[in-house]
Amino acid sequence: MGEAIAFYVISALILGFAVLVITTRNTVHSVLFLVLNFLAVAALYVLLTAQFLAVIQILVYAGGIVVLYLFVVMLVNLKRPPEVHADPHRRSSLGFSLSVLVLAELAAIVVYGRLTPAPVAATAEGTDLAVNNVERIGYLLYTDYLIPFEVASMLLLVAMIGAIVLAKREL
Amino acid sequence: MITPTHYMVLSAALFMIGVIGVMVRRNIIVIFMSIELILNAVNINLVAFSYQLQNGIGQVFAIFVIAVAAAEAAVGLGIILAFYRNKETINIDEMSVMRW
């Protein structure tokens, strides 16, 4: 019962802030609504007993990526909002209606599909993955998924070098 | 009773909000933020199934998705800055030529 209330409240926050991200005219307000969206998703991860991922979400997404976006918004330093001069060939209504159709199709597949997932076992609260979450995830990252872990670190190094080269004033 | 179906519907709705943002908005920074919403929707799906099957692989995959999203955001914002230095716009309708 408490889990259902928490789920509906958190998912209302997630979807509400996401809609506000894509509809706000002011770019800085958009970024701030994105931060609130990420915090709500972190709360959802705590509800799903993925505590390590919730903290990683707050540290990396809300604490790193959003700061990057805010820096770029400040550096771009708009004098006029970019949506003032509308391209006459753009038809936003077509994109919007297609997206709504695809959402209705996805929802129909999920709700009326033949493969309905089994409900969660009643003893899912005290399982090993829920209680020792960091230990289990750390064990998996260092044994079964060591190669993707190292490749991800190389990817981050390359991305960092690339971002520095792209943003430098003179090469 | 919250089944994984609820989480899949939430993930699909967040995914489509991100897709609407990518297709409708002209500000390229908002388009990049909508891509982050799409990646978050995928993560919610992965973690929901990790919870249902009590297998840590879903959360490990979500960690890698977050790492790739961080790398992509850094490089994408670098591209926006480099583009803005040449042509003073962030309206994608004006970013239509490869060389001028």
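Protein chains in written order, with our numbering: chain D, 1 to 171; chain B, 1 to 100.
From the three backbone atoms N, C-alpha and C, an ideal C-beta is built for every residue, glycine too.
Residue-level contact to chain B via CB, V131(D), 9 Å cutoff: Locating residue 131(D) in the first sequence gives position 131, counting from the first residue. V131(D) does not count as touching chain B.
Do three or more CB pairs link the segment 9 to 22 of chain D to the segment 30 to 45 of chain D at distances below 8 Å? Contact holds: three or more Cβ-Cβ distances are below 8 Å.
Contact defined as beta carbons within less than 8 Å: I believe I66(B) pairs with V134(D). What is the distance between those atoms, to the nearest angstrom? As a working note, residue 66(B) is residue 66 in the second sequence. As a working note, residue 134(D) is residue 134 in the first sequence. Not really, about 16 Å apart at Cβ, beyond 8 Å.
Cβ-based contacts, 8 Å cut-off: residues of the segment 55 to 66 of chain D near chain C: As a matter of chain content, chain C is missing from the structure shown, whose protein chains are D and B.
Does the separation of the CB atoms of V24(B) and T27(D) fall below 9 Å? Mapped onto the second sequence, residue 24(B) falls at position 24. Mapped onto the first sequence, residue 27(D) falls at position 27. Not in contact: V24(B) and T27(D) (Cβ atoms no closer than 9 Å).
What is the C-beta distance between I90(B) and I79(B), in whole angstroms, given that I count them as a contact (C-beta under 8 Å)? Position 90 of the second sequence holds residue 90(B). Position 79 of the second sequence holds residue 79(B). That pair is no contact at about 11 Å.
Could you tell me which chain D residues have their CB closer than 8 Å to the CB of V42(B), listed as they occur along the chain? For the purposes of this step, residue 42(B) is taken as the residue at position 42 of the second sequence. What V42(B) touches in chain D: nothing, since even the nearest Cβ is about 11 Å away.
Reducing DSSP to helix, strand and coil, say where N27(B) ends up. Reading the second sequence from its first residue, position 27 is the one you call residue 27(B). Looking at N27(B) - three-state DSSP - the assignment turns out to be strand.
Rounded to whole angstroms, what's the CA-CA distance from M8(B) to E105(D)? Just pull it up for me. To locate residue 8(B), count along the second sequence from 1; it is residue 8. To locate residue 105(D), count along the first sequence from 1; it is residue 105. Computed Cα separation, rounded: 13 Å.
I need the DSSP call for N26(D), collapsed to helix, strand or coil. The residue you call residue 26(D) lines up with position 26 of the first sequence. Here DSSP, grouped into helix, strand and coil, assigns N26(D) to coil.
Between R90(D) and T24(D), what straight-line distance do the alpha-carbon atoms span, to the nearest angstrom? For the purposes of this step, residue 90(D) is taken as residue 90 along the first sequence, with counting starting at 1. For the purposes of this step, residue 24(D) is taken as residue 24 along the first sequence, with counting starting at 1. If I take the Cα positions, the gap works out to 19 Å.
9 Å is my cut-off, CB to CB: does V97(B) come that close to chain D? Here residue 97(B) corresponds to residue number 97 of the second sequence, with the count starting at 1. It does not; no Cβ of chain D falls within 9 Å.
Is the distance from the Cβ of F32(B) to the Cβ of L77(B) below 9 Å? The count along the second sequence starts at 1 and reaches residue 32(B) at position 32. The count along the second sequence starts at 1 and reaches residue 77(B) at position 77. Their beta carbons are under 9 Å apart, which means F32(B) touches L77(B) by this criterion.
Beta-carbon contacts of Y69(D) that lie in its chain and below 8 Å, excluding the five residues immediately before and after: If you number the first sequence from 1, residue 69(D) lands on position 69. Annotation for Y69(D): V31, L34 place their beta carbon closer than 8 Å to its own, counting only its chain and skipping 5 residues before and after.
Could you work out which residues of chain B lie near T49(D), taking near to mean beta carbons separated by less than 7 Å? Locating residue 49(D) in the first sequence gives position 49, where the first residue counts as 1. Under the 7 Å cutoff, chain B gives Y51.
What first and last residue would you give for the alpha helix (DSSP H) that runs through G162(D)? As a position in the first sequence, residue 162(D) is number 162, starting the count at 1. It spans 146 to 167 - the alpha helix (DSSP H) in which G162(D) sits, taken as one unbroken run.
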